[in-house]
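Accompanying notes for the structure given below.
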Amino acid sequence: MAKKIITSLINLLIILSLISCESVFNYKEVEVVIETLHPFEEISGEKVWYTLSYTNALGDISYKHINKNKRSTKILVPKNATIFVCARPLNEFSPIATVINPGEEEKVYLNYKEGYLVSFLQDLYLQNPKAVSSINYKKLYSLLNKKGLLSSFDKLVLARDILNGELEETSIFEVNQLQIELTQAITGYWISENPDEGGFTISDSNYKRVSLSLGDGEHYYINFEKGYIMLIIVESKSKKYFVRIEDLNPEFI
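Laid out in structure tokens, this is it:
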């Protein structure tokens, strides 16, 4: 009896070992690199920590902390899955992002250009992992980039068609930008977190006359001179926006 039990345990261990080995062979280690400084890091001269998030092919999102003095980290992901990766400075600002494609890819570089789209796809992934993982990301990115809509597409229409498996070029619509009147902003130079936007100056001569044209979502600006951060939340369909100004995170000072 004891001999049979021991034999069964040995067989079970062998099976578990084979399963474990098979699982390891189905995964790959990928280095994720923060290639450039965030605009806020560049102007402040201070590097900050990031929170990395990535789809794990299990219907969930995995997270990893990247220390302020590190510019890369390694993650273990399935070989044959499309993995959507984002990194948010201080786990707060808009993400830089990239996609890990199926195959033997060993290193990827995060960039701001893909941030809005990949962050959107991460959120959608939690609703329907299979539908999101099966999209042709390169084609979608190419269509949006060609139309200049990487950060101003209609998320409701695109989400509907992706979840229904009906993603086509006709799924892409532009969301009109909203004019934002900065009547409560503080004087000084404000720099955007978006490298393509740059910054603007509010002075005594143009105070309450500065306006911005912004699309949906959150937009951060920092006034290093005065030590303030401004968050603008835009809802273009309802033609509403919200502006909040508060003290700058000390990690940037």
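Residues in the sequence shown are numbered from 100 upward in steps of one, following the working numbering.
Glycine included, each C-beta is placed from N, C-alpha and C at the ideal position.
Self-check item: Backbone secondary structure at L249 - three-state DSSP
Solution: In the structure shown, L249 sits in coil (DSSP, three-state: anything other than H, G, I, E or B).
Quiz item: Alpha carbon to alpha carbon, how far is M329 from N125?
Solution: Their Cα atoms are separated by approximately 45 Å.
Quiz item: So who's on the other strand from W289, going by DSSP bridges?
Solution: Its beta-bridge partners are F299.
Quiz item: Under a Cβ-count criterion, where at least 16 other Cβ atoms within 10 Å of its own Cβ denotes burial, should T282 be classed as buried or exposed?
Solution: Exposed is the call here.
Quiz item: Between the C-alpha atoms of E292 and E141, what's the straight-line distance to the nearest angstrom?
Solution: Looking at the backbone, the Cα of E292 and that of E141 are separated by about 11 Å.
Quiz prompt | Which of helix, strand or coil DSSP assigns to D315 | solution = Three-state DSSP puts D315 in coil, outside helix and strand.
Exercise. For G264, I'd like the list of residues in its chain whose CB is within less than 7 Å of its CB, leaving aside the five on either flank, ordered along the chain.
Key: The residues are A230.
Quiz item: By a C-beta neighbour count over all protein chains shown, 10 Å radius and 16 as the cutoff for buried, is N322 buried or exposed?
Solution: Under this definition N322 is a buried residue.
Exercise. Can you grab the Cα-Cα spacing for the pair L262 / N227, in whole Å?
Key: If I take the Cα positions, the gap works out to 7 Å.
Quiz prompt | Same chain, Cβ closer than 7 Å to D303, five either side skipped, listed in chain order | solution = Hits under 7 Å: T286.
Practice problem: For the segment 228 to 285, list the alpha helix (DSSP H) runs that are entirely contained and at least 4 residues long, ordered along the chain. | Solution: Segments of the alpha helix (DSSP H) lying fully in the segment 228 to 285: 228 to 232, 236 to 245 and 254 to 262.
Self-check item: Sheet register partners of S310 (DSSP bridge)
Solution: According to DSSP, S310 bridges with E280.
Self-check item: Close Cβ partners of Y149 (< 7 Å) along its chain, the five nearest in sequence each way excluded
Solution: Excluding its 5 nearest sequence neighbours in each direction, Y149 has C-beta neighbours in its own chain below 7 Å: I133, I165, A186, R187 and P188, listed in chain order.
Quiz prompt | Straight-line Cα distance separating S193 from L225 | solution = About 19 Å.
Practice problem: Using 8 Å as the cut-off, classify the Cβ of Y327 as near or not near the heavy atoms of the ligand FMN, replying yes or no. | Solution: In the structure shown, the ligand FMN is absent, as is every other ligand, since no ligand is present at all.
Quiz item: Using a Cβ-Cβ cut-off of 6 Å (strictly less than) and excluding sequence neighbours within five positions of N190, which residues of its own chain qualify?
Solution: Closer than 6 Å at Cβ, skipping near neighbours: T150.
Quiz prompt | Supposed contact pair I182 and Y153 - C-beta distance, whole angstroms, cut 8 Å | solution = That pair is a contact at about 6 Å.
Quiz item: Given L347, which residues of its chain have a CB within under 7 Å of its CB, disregarding the five upstream and five downstream residues?
Solution: If we look at L347 and ignore the five residues flanking it on each side, its Cβ neighbours are I321, G326, Y327 and I328.
Practice problem: Look at the alpha carbon of G144 and the alpha carbon of E280, and state the distance between them as a whole number of angstroms. | Solution: In this structure, the alpha-carbon of G144 lies about 30 Å from that of E280.
Exercise. Give, in chain order, every unbroken run of the beta strand (DSSP E) that is at least 3 residues long and sits entirely within the segment 144 to 200.
Key: You should have 149 to 154, 160 to 165, 171 to 177, 182 to 188 and 195 to 199.
Exercise. Going by DSSP, name the residue or residues bridged to V333.
Key: DSSP links V333 through a beta bridge to G316 and Y340.
Practice problem: Please state whether DSSP places L209 in a helix, a strand or coil. | Solution: In the structure shown, L209 falls within a strand segment according to DSSP collapsed to helix, strand and coil.
Exercise. Can you give me the Cβ contacts of S161 inside the same chain, cut-off strictly under 6 Å, excluding the 5 residues immediately before and after it?
Key: Scanning its chain for C-beta atoms nearer than 6 Å, with the 5 sequence neighbours on each side dropped, one finds around S161 the residues Y153 and N155, in chain order.
Quiz item: Who are N322's beta bridge partners in DSSP?
Solution: Bridge partners of N322: Y327.
Quiz prompt | Neighbourhood of G314 by C-beta, 7 Å cutoff - its chain only, sequence neighbours within 5 removed | solution = Taking G314 as the centre and dropping the five residues before and after it, the same chain places the C-beta of S250, S251, V274, Q276, V333 and S335 closer than 7 Å to its C-beta, in chain order.
Quiz prompt | Residue interval of the beta strand (DSSP E) (run including E128) | solution = Y126 to I133 is the span of the beta strand (DSSP E), which, as asked, contains E128.
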